[in-house]
Amino acid sequence: MRRAYILTALLLLIYAEAGAQTYIINDTTEHRIGILMPDVSTEYTIEIPEGKHPNRLTFSSRTNSIYIPYIGTQPGMGEVSVSEYVNGEWKEVSRFTPDTVYKDFGPYTINPRAHLLKFKAEIGATLYKYIRDIRITEYTGEIVAEQQTITWEQYLDNLTVGSETELTATASSGLAVIYESSDSTVCDLRGSTLIARAEGMAVITATQPGDDFYDSAPGISTYATVRLPSSLPVTMPAAALTAYPNPVKDMLNICGAPIHAVSIYSMSGQLMLSITTDGGDSQQIDCSALPDGIYIMNVVSDSAAHQLHIIKLTR
């Protein structure tokens, strides 16, 4: 009686485990592939839904046989490769030689980010290769994180104040790269866009912290050098105002319309100077206290509010 209970418990455990199996793919169709066959492709590709854990692949395969005089019946020669498509690249998972009768292969680990799986008959394979019972299941065991690296080939040594540059570092994992600036007053960052704020130098570092499947990548750093442009165009509506000299060292002259107020902002939006004037057609603004850089100046006149860029340059 005790043995019967034990046997029943084992059977229940086996059935429970089988019932709990989660199939991502369960394809029992027989697929033919081959080389130089008139009615069949050299490969078979299926789509895989992306998962959260590494997946396990199993399948069954066989090949036709061929009769060779004086030797007898032999299996068709040649291998079949299995590849997954991850982060824009095909990566081989397995390579095997089918037998004349169906034989099971696997399990093989599939990257959870793989969204295509390809069975391909290699050059030299003769006759048909048959693939069936392709099963992909979720694997819930321990996840071993893979290593990743960052590639970055970009020069940032000739930037000008006010320019924006898209940073191009990539991680081998396909995960998004994170950037940091050693001096945001010189080089500010908005995601992967570098904004040159002021003349100077900053160190820009690209990192990737990793996730459940990839370790963090070693950071890569490069110097960014920002220079002042030789000149900037003044932009204002209706050509009503004139501002000179630009670049300015100390005193900036504004004329051309009755001027009531002047405000100067940094490129990051910080108010640097604000004055109210007597409404005369010509005003002098003392810019000597401003650090070197590019600024936005708002001028309020009788007719409109004008906006223009000015360069402060001490040298």
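In mature numbering (1 follows the signal peptide of the UniProt record, and there is no 0), the protein residues as written are -20 to -1, 1 to 295.
We put the CB at the ideal spot given by N, CA and C, even for glycine.
This one's a predicted model, so the numbers in the text were calculated from it and none came from an experiment.
Whole-angstrom distance between residue j and residue i, CA atom to CA atom
i: Ser45; j: Ser61; result: 19 Å
i: Ile290; j: Ile234; result: 12 Å
i: Ala182; j: Ser201; result: 10 Å
i: Ser143; j: Thr9; result: 58 Å
i: Asp272; j: Ala178; result: 8 Å
i: Gly190; j: Leu155; result: 8 Å
i: Leu96; j: Gln287; result: 54 Å
i: Ala204; j: Lys100; result: 47 Å
i: Ser21; j: Gly199; result: 44 Å
i: Asn279; j: Asn91; result: Residue 279 is actually Val in this sequence, not Asn. Computed Cα separation, rounded: 59 Å.
i: Pro194; j: Asn6; result: Note on residue identity: the sequence assigns Tyr, not Pro, to residue 194. The alpha-carbon atoms of Tyr194 and Asn6 are separated by roughly 28 Å.
i: Val228; j: Thr294; result: 8 Å
i: Lys98; j: Leu251; result: 60 Å
Sub-7 Å separation of residue i and residue j beta-carbons
i: Ile244; j: Leu253; result: yes
i: Ile184; j: Ser164; result: no
i: Leu139; j: Val206; result: yes
i: Ile175; j: Asp168; result: yes
i: Arg93; j: Glu30; result: yes
i: Thr173; j: Thr150; result: no
i: Arg12; j: Tyr135; result: no
i: Ile265; j: Val242; result: yes
i: Glu27; j: Gly58; result: no
i: Leu208; j: Val141; result: yes
i: Gly56; j: Thr106; result: yes
i: Arg42; j: Pro78; result: yes
i: Asp230; j: Ser268; result: yes
Environment of residue i [buried if 16+ CB atoms lie within 10 Å]
i: Tyr3; result: exposed
i: Ile239; result: buried
i: Ile114; result: buried
i: Ile255; result: exposed
i: Glu64; result: buried
i: Pro18; result: exposed
i: Gln127; result: exposed
i: Thr148; result: exposed
First and last residue of the uninterrupted beta strand (DSSP E) at residue i
i: Ile5; result: 3 to 7
i: Thr145; result: 144 to 146
i: Ser196; result: No beta strand (DSSP E) holds Ser196; DSSP gives it neither H nor E.
i: His286; result: 285 to 292
i: Asp84; result: 83 to 90
i: Ile137; result: Note on residue identity: the sequence assigns Asp, not Ile, to residue 137. That run of the beta strand (DSSP E) goes 136 to 140.
i: Ala176; result: 173 to 176
i: Ile158; result: 158 to 161
i: Ile233; result: Strictly speaking, residue 233 in this sequence is Asn, with Ile absent from that position. Run containing Asn233: 231 to 235, per the beta strand (DSSP E) assignment.
i: Asp113; result: 108 to 118
i: Val62; result: 60 to 66
i: Ser74; result: 69 to 76
i: Gln266; result: Reading the sequence as shown, one finds Asp at residue 266 and not Gln. Asp266 -> beta strand (DSSP E) spans 262 to 266.
Cβ-heavy atom distance, residue i to the ligand FMN, below 6 Å
i: Met57; result: Annotation note on the ligand FMN: not contained in the displayed structure, which lists no ligands.
Taking three-plus beta-carbon pairs below 8 Å as touching, is the stretch 18 to 38 in contact with the stretch 86 to 98? yes
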